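Let me begin by presenting the structure, written as structure tokens, before commenting on it.
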Amino acid sequence: MAFRREKDDEEEGSTNIYQNLEKTSVLQETRAFNDTPVNPRKCIHILTKILYLINQGEQLGTREATECFFAMTKLFQSKDVVLRRMVYLGIKELSSIAEHVIIVTSSLTKDMTGKEDLYRAAAIRALCSITDNTMLQGVERYMKQCIVDKNVAVSCAALVSSLRLGTTAGDVVKRWANEAQEALNSDHIMVQYHALGLLYHIRKSDRLAVTKLVNKLTRNSMKSPYAVCMLIRIACKLIEEEDISADEMSESPMFTFIESCLRHKSEMVIYEAAHAIVNLKNTNARVLSPAFSILQLFCSSPKATLRFAAVRTLNKVAMTHPAAVTTCNLDLEGLIADSNRSVATLAITTLLKTGAESSVERLMKQISSFVAEISDEFKIVVVQAICSLCSKYPRKHTVLMNFLSGMLREEGGLEYKTSIVDTIITIIEENADAKESGLSHLCEFIEDCEHISLAVRILHLLGKEGPFANTPSKYIRFIYNRVILESPVVRAAAVAALAQFGASCPSLLNNILVLLSRCQMDPDDEVRDRATYYLHILQTKNQELYKHYIVERENCSVGLLEKALQDHLNGDCSQSFDISIVPKTTIVKEEIKDEAMLITNSKSPRLPKITPEEESATHLAQIPGIQALGTLHRTTRPIQLTESETEYTVQCVKHIFPSHIVFQFDCLNTLSDQLLENVRVELTLPEGFMIRDLIPCSKLLYNDLQTTFVIVEFPQDVNSSAATFGATLRFVVKDCDPSTGIPDSDDGYDDEYMLEDLEITVADQIQQTKKSNFQAVWDAADTEEWVEAEDTYSLSAVQTLQDAVNTIIKFLGLGPANLSEKVPEGAATHTLLCSGTFRGGAEILVRAKLALSEGVTMQLTVRTTDSDVAELVTAAIG
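Quick note: the sequence shown uses the numbering used here, first residue 116, plus one each step.
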């Protein structure tokens, strides 16, 4: 009768007995650990509560954790197997919080080497979680024995624990390579897999050793499918590092091994090989054909996991190998009605990427039949695929926009609705014909929008694009409704949008002034202040004020603005602060590389985007004398000055200031028997450049990344600022003991290492900006204050308009007016509009008219506030 359950209990469902635990009361219960004799069942229940609290995110203080830990050690006197394993788990969880945890080392070592196999594996994991580098050598002998132990659980625990220790005590773990090699010969699949992982981690910095390992293992058939999958991944990495052509790749023994795995008896290995081949670089149709045949076969598998794996891989490579994926379209169409909605979603999104323009309507109908049944995560994947399709076939924007507007009206969370709004905004920016319908759909959406962030964003878009629509007056009603009906944040955004219409549409100015005057009576002070601010500016009817304070409101980088203000306060405050020297906020374009990854990560919190300049400003502030250089203008991407396999690797990051450039050289010493001192990079300077300071790295240990800096002043002549520098790495070498890193003697010898040449380009000196309405800014720049330069070029090195657009943006470093500047398919002409800011604050506007004939002809017009900069920009293309 004790197990009898009432019917009402069954209807209520299962409940979590731990959901209302309180940390304080649970910690008080640990007193039971001191009882003699120990009550195993009671103690197991208490340990379960502690582990539950920790895994639910409950924070234990150092003192609480230490007291709990020491109370837990009393439980070692019990021989109960379940209780002992719970103690091991508790030690692992508390080891990073509690103090003096090494006190249980001897007990764990005893269990690790004892006869009770049920204790040993868990004891190894717990011991490795509390052992530091100084104590690891004391248990090294036991770890080596456990790695080759006949008990599978013990061997696996030792191998995995060794792999984790490799990140903190790599030099000690390297000495266990022989034992790992012996474990690799085990007949158990998991031991073999973990042994290979440990061996690769030990040898991964030695390319020759890794190559020998792979060549040896590919000749012997490994029993573990997990180990074969890892071997495939290692082989792929080696192939990509060689950077060979498709013909050379097909003859490579590494590739031959991967291709042979397509005929393996394990489906896991077959899929891993196919996935690896289609993701290799420098491939051709002959190399890819067997892999796509396997994926096509998996699409019709009765196993849902294989269908999902195949269609996910096809979805990922659809943009890089569309022709090859097209051969699988019939199989993918058969998966649209798959009972597994994950498979169906990925199938339809793959078809959207590879399908022809004529099939768009049919695909949209098929999507609409099941889109309501899938979760928001998969709906987001569909929306992303529609966005790609609209970029590919801009003439189908009406069909796609209507489908998206229907999805907007359905129920859904913030992230789902945000993805739809993002897609509509992208279509509007890329396709002028879609602007009117897109804005109308968004206006209807904000009438019932419950998400403040989306309403604010749409109002901002209406203020930017609405004034330049065919009938701008029709959007006023939607915007002013927000002032009447919405929250203060939305009302403030609506006021700003109204001001945009007043500044850009003279015919609507009087009506806008009336509406803004009404907003001055708003109960919220932010709304009142904005209304008053814009009202006074609009009443001046001064176009210059409109431009700087309403139409073109470029936001400064907040982090760099704060730093510039601090520098100003610490310097000469008699001069007024010049905000024009602060770089504008760069637009960070997010790239979704894999829709399937989006499914799993859509719930994860998004970190705030940090520009490279903001990240570098804090780092550079530690350099003596850097404050005198002014505000950081731009930070470039790292460039490699050495091959990746060389003894010393160096990469360079260029930090551009108004009149100086700071070269940051990140140096790595890959030789364990050498210690480098006084490490610096000496530059061969072109004419006009001057070195102002050189900050060496005092000591460069093995495998330790350190930085050295060179500060160089630009020449006075702006046209000479694009140049090439020779670079040499110089240092003092001291031979040392590889295991300890201690030099054999205090004497060293000077040595040098030649690096690749460095370039300072025009693009390095320009910070990208994006004008909210480029045409209005371009027309306003037709004054005496601006300099205009114009020239015509024949671009012989490019064959298509898209290549020409990409080349111009790359060479000039300017930001296109549209965030993703794409040339419509089949177009014979195109106009590229882009803008930026040169170091020192000179604004640059560029209009490039491109025409396709026997090559690409370009008429380039540059407008800037500095004549020297205009000459430099036009010369960069020539």
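We treat Cβ as the ideally placed atom computed from N, Cα and C, and that holds for glycine.
Remember, predicted model here, so these are calculated numbers, not experimental data.
Assigned secondary structure, residue i (DSSP; H/G/I helix, E/B strand, else coil)
i, result
"GLY617", "helix"
"LEU346", "helix"
"LYS138", "helix"
"ALA942", "coil"
"ARG96", "Here the chain has residues from 116 to 993 only, and residue 96 is not among them."
"TYR133", "coil"
"LEU450", "coil"
"ASP788", "coil"
"ASP781", "strand"
"ILE212", "coil"
"ALA238", "helix"
"ILE771", "strand"
"LEU929", "coil"
"ALA991", "helix"
"VAL961", "strand"
"ALA186", "helix"
"GLU530", "helix"
"GLY951", "strand"
"THR371", "helix"
"ARG752", "coil"
"LEU967", "strand"
"TYR167", "helix"
Residue i - containing beta strand (DSSP E), residue span
i, result
"PHE824", "821 to 828"
"ASP866", "864 to 869"
"ARG978", "970 to 979"
"CYS841", "This sequence places Gly at residue 841; Cys is not what is there. That run of the beta strand (DSSP E) goes 838 to 850."
"SER813", "812 to 815"
C-beta atoms of residue i and residue j nearer than 7 Å
i, j, result
"ILE573", "ILE591", "no"
"THR181", "ALA213", "yes"
"ALA570", "VAL536", "no"
"LEU313", "ALA295", "yes"
"GLU387", "CYS344", "yes"
"VAL765", "GLN779", "no"
"CYS376", "ILE409", "no"
"CYS949", "GLY930", "yes"
"PRO811", "ASN784", "no"
"HIS734", "ARG954", "no"
"ALA732", "LYS678", "yes"
"ALA618", "VAL673", "no"
"GLU958", "ASN834", "no"
"LEU809", "VAL825", "yes"
"PHE926", "ALA991", "yes"
"VAL514", "GLU544", "no"
"ALA433", "THR465", "yes"
"VAL269", "CYS261", "yes"
"ALA646", "LEU623", "no"
"LEU960", "ASP906", "no"
CB-CB length for residue i against residue j, believed under 8 Å
i, j, result
"CYS351", "ILE373", "7 Å"
"PHE846", "ASP866", "6 Å"
"SER534", "ILE567", "Going by Cβ atoms, the distance from SER534 to ILE567 rounds to 17 Å, so no, they are not a contact pair."
"ALA272", "ALA236", "4 Å"
"VAL191", "SER222", "Note that residue 191 is Phe in the sequence shown, not Val. That pair is a contact at about 5 Å."
"ALA837", "THR876", "6 Å"
Residue range of the unbroken alpha helix (DSSP H) whose run includes residue i
i, result
"LYS207", "196 to 209"
"SER689", "Counting along the chain, SER689 falls outside any alpha helix (DSSP H), and DSSP gives it neither H nor E."
"LEU466", "456 to 469"
"ARG427", "419 to 432"
"VAL275", "267 to 280"
"GLN174", "GLN174 -> no alpha helix (DSSP H), and no H or E assigned at all."
"ARG256", "255 to 262"
Test: residue i CB closer than 7 Å to a CB of chain E
i, result
"PRO858", "Protein chain content of the structure displayed is limited to a single chain, and chain E is not contained in it."
Entirely within the segment 611 to 656 and at least 4 residues each: give me those alpha helix (DSSP H) ranges in chain order. 624 to 634 and 640 to 655
Entirely within the segment 863 to 922 and at least 3 residues each: give me those beta strand (DSSP E) ranges in chain order. 864 to 869, 873 to 875, 881 to 884 and 902 to 910
May I have a chain-ordered list of the alpha helix (DSSP H) segments no shorter than 4 residues that lie completely inside the segment 549 to 594? 550 to 562 and 567 to 580
Please list the segments of the alpha helix (DSSP H) lying wholly inside the segment 282 to 348, counting only runs of 4 or more residues, in order along the chain. 285 to 288, 292 to 299, 304 to 318 and 322 to 334
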